Ligand code: UD1
């Protein structure tokens, strides 16, 4: 297993290119199952989660070809011979549940393993299932699998979520494109990844209105065609790398970045004393000479502060002047990075879904370990500003969501390397 070694660093300078969004790509790929014509995705990120989705789609009979070093994915589902998503693949990645809606919509049947628990909380899939039931599907849970059927096809219906779940909205949206009649999704998630999925589905011939708002209306069509679609910028990778100069000082330009993807996050950076400006090619982030100011953060569905940036923001606030309160409202048990940051000298008190962070002048390097993707990268960011050396173990978490993390950070002057622990 590999580790990442980071040494305390001076200011960072240069440019970091931002990849296409992992979470958008993981819902765009299963959209291929809705049509027998080719779907081409441009600007795909090169990540292990994308390889897992590739493996899953291939197990169903889809063709997935990786071109241009993985930045272009050519998908085709003209010969789907298996409608069962096996536990062995699904357990590796929750996003596997996103094949359920498309398979059911196109073939009237699907069997998908339940994803099971995950390190950041219970994360059930009840909302996905209720949405499909609202479109006339019959669901049965047997031996850890969801057996879904809709022999005469799905029918348009009203889906009323009691929480604006990203994944459940994506499953419902994809399924509704081929349902007979009109589907209305109320309390829909408004994340940019949903808007990106709707854009792609429209290019395939779907009739969708209202994506980006909390009510999406879909008029079902008989069939969808092929499309070529460019994946939206990864706002979480963007926010993560914006924090690197915020923590280390200097000025870094994030190529492809846009403020509208991260308004709530940019407001908090501004309040902390970090300057973000729009440039011709993206966003530029500078930390002046002053201290970081403490700020309070509450994670919320889009357009609120993203839960996927909470751990990284905590790394910044560990050395702020004053006390910050971070409230996690999306996932229970998402503060596993806090004890690791405390091993580096941070002062953090976690009570339920609230973490109180009292800034210290300097963190100290330490061997640390992360149990999820965003937690791992927060430890790297913390290590960049710490005195001495930080070794982050279990790098496979990082490979799920950050391509070339060592190359991107060393490209702006960070002292970081990947080592093999054999
Ligand atoms: C997606 C992202 C993930 C991100 C999250 C929140 C992907 C592959 N993953 O996850 O990186 O952290 O959005 O922005 O896109 N819930 C239920 N029942 C359900 C579904 C969800 O109770 O059927 C709850 C979850 O337990 C959680 C909350 O809803 O408390 C948010 O989950 P959701 O928005 O669905 O996140 P994901 O789609 O799993």
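Numbering (my numbering), first residue to last: 243 to 664.
Even glycine gets a Cβ: it sits at the ideal position worked out from N, Cα and C.
As the structure is a prediction and not an experimental result, all values here were calculated from the model.
Could you check whether the Cβ of residue 587 sits closer than 7 Å to any heavy atom belonging to the ligand UD1? If you number the chain shown from 1, residue 587 lands on position 345. Not under cutoff, so the answer is no.
Where the beta strand (DSSP E) through residue 492 begins and ends: Numbered from 1 along the chain shown, position 250 holds the residue referred to as residue 492. Residues 492-497.
If residue 399 sits next to residue 376, beta carbons under 8 Å apart, how far is it from one beta carbon to the other, in whole angstroms? For the purposes of this step, residue 399 is identified with residue 157 of the chain shown, where counting begins at 1. For the purposes of this step, residue 376 is identified with residue 134 of the chain shown, where counting begins at 1. Right, the Cβ-Cβ distance comes to about 4 Å (below 8 Å), so this counts as a contact.
According to DSSP, simplified to helix, strand and coil, what is residue 547? On the chain shown, position 305 is the one that residue 547 refers to. In the structure shown, residue 547 sits in a strand (DSSP, three-state: E or B).
Compute the Euclidean distance between the alpha carbons of residue 438 and residue 636, then round it to the nearest angstrom. The count along the chain shown starts at 1 and reaches residue 438 at position 196. The count along the chain shown starts at 1 and reaches residue 636 at position 394. C-alpha separation (whole angstroms): 31 Å.
Using the three-state DSSP reduction, which class does residue 579 fall into: helix, strand or coil? As a first step, residue 579 must be located in the chain shown, where it is residue number 337. DSSP places residue 579 in helix when its eight states are reduced to three.
Looking at residue 316: is its Cβ nearer than 8 Å to the Cβ of residue 280? In the chain shown, counting from the first residue as 1, residue 316 sits at position 74. In the chain shown, counting from the first residue as 1, residue 280 sits at position 38. Taking 8 Å as the Cβ cut-off, residue 316 and residue 280 qualify as a contacting pair.
Residue 534, DSSP secondary structure in three states: In the chain shown, counting from the first residue as 1, residue 534 sits at position 292. Looking at residue 534 - three-state DSSP - the assignment turns out to be coil, as it is neither helix nor strand.
Within 8 Å, strictly: CB atoms of residue 374 and residue 343: Taking the chain shown and counting its residues from 1, one reaches residue 374 at position 132. Taking the chain shown and counting its residues from 1, one reaches residue 343 at position 101. Taking 8 Å as the Cβ cut-off, residue 374 and residue 343 qualify as a contacting pair.
Spatial distance of residue 407 from residue 245 (CA atoms): The sequence position of residue 407 within the chain shown is 165, counting from 1. The sequence position of residue 245 within the chain shown is 3, counting from 1. For residue 407 and residue 245, the distance between alpha carbons rounds to 33 Å.
Specify, as a first and last residue, the run of the alpha helix (DSSP H) that residue 505 falls within. Locating residue 505 in the chain shown gives position 263, where the first residue counts as 1. From DSSP, the alpha helix (DSSP H) with residue 505 extends over 505-514.
Does the beta-carbon distance from residue 354 to residue 331 come in below 8 Å? On the chain shown, residue 354 is found 112 positions in, with the first residue counted as 1. On the chain shown, residue 331 is found 89 positions in, with the first residue counted as 1. No, the pair does not count as a contact, with Cβ atoms beyond the cut-off.
From what residue to what residue does the alpha helix (DSSP H) around residue 414 run? Reading the chain shown from its first residue, position 172 is the one you call residue 414. Element bounds for residue 414: 408-418.
Helix or strand or just coil, what does DSSP make of residue 638? Position 396 of the chain shown holds residue 638. The answer is helix: DSSP assigns residue 638 an H, G or I state.
Whole-angstrom distance between residue 574 and residue 565, CA atom to CA atom: As a position in the chain shown, residue 565 is number 323, starting the count at 1. As a position in the chain shown, residue 574 is number 332, starting the count at 1. Cα to Cα, residue 565 sits roughly 22 Å from residue 574.
Give the range of the alpha helix (DSSP H) segment to which residue 622 is assigned. Counting from one through the chain shown, the residue named residue 622 turns up at place 380. Element bounds for residue 622: 615-627.
Do residue 411 and residue 448 have their C-beta atoms closer together than 8 Å? Taking the first residue of the chain shown as 1, we reach residue 411 at position 169. Taking the first residue of the chain shown as 1, we reach residue 448 at position 206. No, the pair does not count as a contact, with Cβ atoms beyond the cut-off.
Just mark residue 476 as buried or exposed, buried being the case when its beta carbon has 16 or more other beta carbons within 10 Å. Translated into the one-based positions of the chain shown, residue 476 becomes position 234. So residue 476 counts as buried.
In the DSSP assignment, the alpha helix (DSSP H) including residue 428 goes from what residue to what residue? Reading the chain shown from its first residue, position 186 is the one you call residue 428. Careful: residue 428 lies outside any alpha helix (DSSP H), inside the beta strand (DSSP E) at 424-428.
Based on Cα-Cα distance, which residue from 405, 458, 557 and 402 lies nearest to residue 582? Looking up residue 582 in the chain shown gives position 340. Looking at the Cα atoms, 557 is the closest of the given residues.
Could you check whether the Cβ of residue 572 sits closer than 7 Å to any heavy atom belonging to the ligand UD1? Against the chain shown, residue 572 aligns to sequence position 330. Yes.
Pick helix, strand or coil for residue 500, following the three-state DSSP scheme. As a position in the chain shown, residue 500 is number 258, starting the count at 1. Three-state DSSP puts residue 500 in coil, outside helix and strand.
6 Å Cβ shell around residue 356 - same chain, five flanking residues per side excluded: Here the question's residue 356 lines up with position 114 in the chain shown. Cβ within range, chain order: 386.
For a minimum of 4 consecutive residues, which ranges assigned as the alpha helix (DSSP H) are wholly contained in the region 260-307? 264-270 and 290-302
Endpoints, the beta strand (DSSP E) within which residue 660 is located: For this step, residue 660 is matched to residue 418 along the chain shown. Taken as a continuous stretch (DSSP letters only), the beta strand (DSSP E) holding residue 660 covers 657-662.
Where does residue 529 sit, in a helix, a strand or coil, going by DSSP? The sequence position of residue 529 within the chain shown is 287, counting from 1. DSSP places residue 529 in strand when its eight states are reduced to three.
For residue 510, which residues of its own chain have a beta-carbon under 8 Å away from its beta-carbon, when the five flanking residues on both sides are left out? In the chain shown, the residue the question calls residue 510 occupies position 268. Within the same chain, residue 510 has close Cβ partners 537, 539, 547 and 555.
Other residues of its chain near residue 587: CB distance less than 7 Å, five sequence neighbours each side excluded: Along the chain shown, one-based indexing puts residue 587 at 345. Excluding positions up to five away in sequence, the list reads 602, 605 and 606.
Taking the alpha carbon of residue 617 as the reference point, which residue from 639, 648, 597 and 489 has its own alpha carbon closest? Residue numbering aside, residue 617 sits at position 375 when the chain shown is read from its first letter. Nearest C-alpha to residue 617: 639.
Please report the distance separating the alpha-carbon of residue 409 from that of residue 337. The sequence position of residue 409 within the chain shown is 167, counting from 1. The sequence position of residue 337 within the chain shown is 95, counting from 1. Going from the Cα of residue 409 to the Cα of residue 337 covers about 8 Å.
Cβ separation of residue 642 and residue 291, assumed to be a contact under 8 Å, to the nearest whole Å: As a working note, residue 642 is residue 400 in the chain shown. As a working note, residue 291 is residue 49 in the chain shown. Residue 642 to residue 291, Cβ: 5 Å. Contact.
Which of helix, strand or coil does DSSP assign to residue 523? As a first step, residue 523 is located in the chain shown; it is residue number 281 there, counting from the start. If DSSP states are grouped into helix, strand and coil, residue 523 belongs with coil.
Reduced DSSP secondary structure (H/G/I, E/B, other) of residue 372: Position 130 of the chain shown, counted from the first residue, corresponds to residue 372. It is helical.
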